[in-house]
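Undergrad:
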Amino acid sequence: MTIFAFDDVMATGITGPIEMLNIANIQADIAGLPAERRFSWTVVSLDGKPVRSSAGFMLPVDAGYGPACDADIIMLPGFNHRTGRDVVSHVAAIPDEHIQWLRLRHAEGKRLCGICSGTFILAEAELLDGRRATTSWWLTKAFRRRYPMVDLQPREVVTEDGGVLCGASAASWSHVCLQLIRAEMGDRVANACAGIMLVDPGAATQAMHLSAEHLTATRDEAIERAIGYMREHLERDLPVTELAARAAMSERTFLRRFREVAGMPPGHYLQRMRIDRAKQMLEHTDAPLERIVEAVGYRDVSSFRRLFTKEVGVPPRRYRERYALRPPSAA
């Protein structure tokens with residue numbers, strides 16, 4: 052494996068995979084796997100010089116990126132950023148020769164891995180077009196806007212499609228590495244590593260952090276006007292005719308434009324907004340679930356609980372226990 056290091060890289064995106072693959076090699080020894088089924092790694096930078104991490108300390112590297120041509124797996128860690136716009140500006144400034152280098156490695160059958168904002172580099176190289184991918188939940192809006200050809204799966208922590216792996220958060224390297232270990236060394240070693248590192252891939256999801264706003268792809272004043280109206284009236288039924296009138300469109304045009312902007316029909320978006328409001332109330336109030344359900348336009352508590360669990364990944368009670376900013380009551 053080759054791991055790329057560059058200024059402002061998150062250091063754990065380099066050291067974490069190395070530690071986990073080292074554990075995998077130890078577990079492979081214990082399992083009696085043949086010597087050729089071991090990971091080796093090289094840390095490279097574009098010029099072969101040390102890089103400054105996002106936390107400000109220097110990280111040594113083994114070489115420039117030339118030797119990376121021989122690696123079977125190439126990993127691009129996440130880098131420091133404040134906004135999605137920062138990430139887009141960063142990847143847009145990557146020289147064409149570096150983007151072309153990634154395309155050539157993929158054409159040669161190398162496995163490419165992007166972690167967090169590193170997934171934007173893969174998308175910039177058009178290696179994710181038409182493929183399933185993921186990125187950090189709060190970067191999804193910026194990602195969708197710049198790369199509309201990518202089949203973004205914002206709930207997923209890891210995706211793999213066409214020899215390209217994507218990890219969602221800055222710490223998703225653990226899940227990506229676990230998938231690599233399972234592929235190269237089998238279930239026994241992968242399960243041992245998961246236990247040692249306390250990684251539970253079956254429970255991994257970003258669903259509880261996603262809001263409707265993170266799923267909006269483009270800006271459109273008329274649609275945003277309708278969305279604002281929806282946000283102010285979550286407690287009541289909102290027929291398409293009423294929303295289309297707010298956007299000054301015919302129903303047909305409104306439905307088409309809304310799906311283009313939000314990536315889903317208005318009814319589904321309204322459902323997401325209601326769940327977002329319920330999450331806020333669970334976090335910031337001690338209101339019982341019955342009152343929350345009524346405040347977001349539902350009547351049946353049991354059906355809302357099932358919907359919340361499906362969309363968020365945990366039931367309301369557990370969500371409140373995990374994220375409440377005040378002592379919770381029963382939910």
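Oh and the sequence shown: position 181 is 232 in our numbering, straight run, nothing missing. Glycine included, each C-beta is placed from N, C-alpha and C at the ideal position.
Considering only their Cβ atoms, is the gap separating Asp327 from Ser262 smaller than 8 Å?
TA: yes
Undergrad: Quick check on the DSSP output: what are the complete alpha helix (DSSP H) runs of length 4 or more inside the stretch 183–228, in order along the chain?
TA: 191–197
Undergrad: Rounded to the nearest angstrom, what separates Lys161 and Ala122 at their Cα positions?
TA: 7 Å
Undergrad: Quick one: using the 10 Å Cβ neighbour count with 16 as the cut-off for buried, is Arg371 buried or exposed?
TA: buried
Undergrad: Taking the alpha helix (DSSP H) that Met300 falls in, what are its first and last residues?
TA: From DSSP, Met300 is part of no alpha helix (DSSP H); its letter is neither H nor E.
Undergrad: By alpha-carbon positions, which one of Lys330, Met126, Ile274 and Arg368 ends up nearest to Arg307?
TA: Ile274
Undergrad: Under 8 Å between the Cβ atoms of Thr53 and Val112?
TA: no
Undergrad: In this structure, what does DSSP give as the bridge partners for Ile166?
TA: Gly218
Undergrad: For Arg195 and Thr256, which I take to be in contact (beta-carbon distance under 8 Å), what is that distance rounded to the nearest angstrom?
TA: In fact, because the Cβ distance is near 19 Å, the residues do not count as touching under 8 Å.
Undergrad: Assuming Leu110 and Ile65 form a contact by the criterion Cβ under 8 Å, report the distance between their Cβ atoms to the nearest whole angstrom.
TA: 6 Å
Undergrad: For Ile125, name the three-state secondary structure that DSSP assigns.
TA: Of the three classes helix, strand and coil, the one that applies to Ile125 here is strand, per DSSP.
Undergrad: Is any non-hydrogen atom of the ligand ATP found closer than 7 Å to the C-beta of Gly169, if you look at the structure I gave you?
TA: Among the components of this structure there are no ligands whatsoever, and the ligand ATP is therefore not found.
Undergrad: Using DSSP's beta-bridge definition, name the partner residues of Phe130.
TA: Within the DSSP bridge table, the entry for Phe130 names Val60 as partners.
Undergrad: From the DSSP output, in three-state form, read off Thr53 for me.
TA: Three-state result, Thr53: strand.
Undergrad: To the nearest angstrom, how far is it from the Cα of Ser105 to the Cα of His132?
TA: 9 Å
Undergrad: How far does the alpha helix (DSSP H) with Ser96 in it reach, from first residue to last?
TA: Run containing Ser96: none in the alpha helix (DSSP H); it sits in the beta strand (DSSP E), Thr93 to Ser96.
Undergrad: Using beta-carbon positions only, say whether Arg103 and Asp58 come within less than 8 Å of one another.
TA: yes
Undergrad: Relative to the C-alpha of His284, which candidate in Asn242, Glu311, Tyr349 and Pro252 has its C-alpha closest?
TA: Tyr349
Undergrad: Return helix, strand or coil for Ser353, following the three-state DSSP convention.
TA: helix
Undergrad: Is the beta carbon of Cys228 sitting closer than 8 Å to the one on Leu72?
TA: yes
Undergrad: Is the distance from the Cβ of Val363 to the Cβ of Ala258 below 8 Å?
TA: yes
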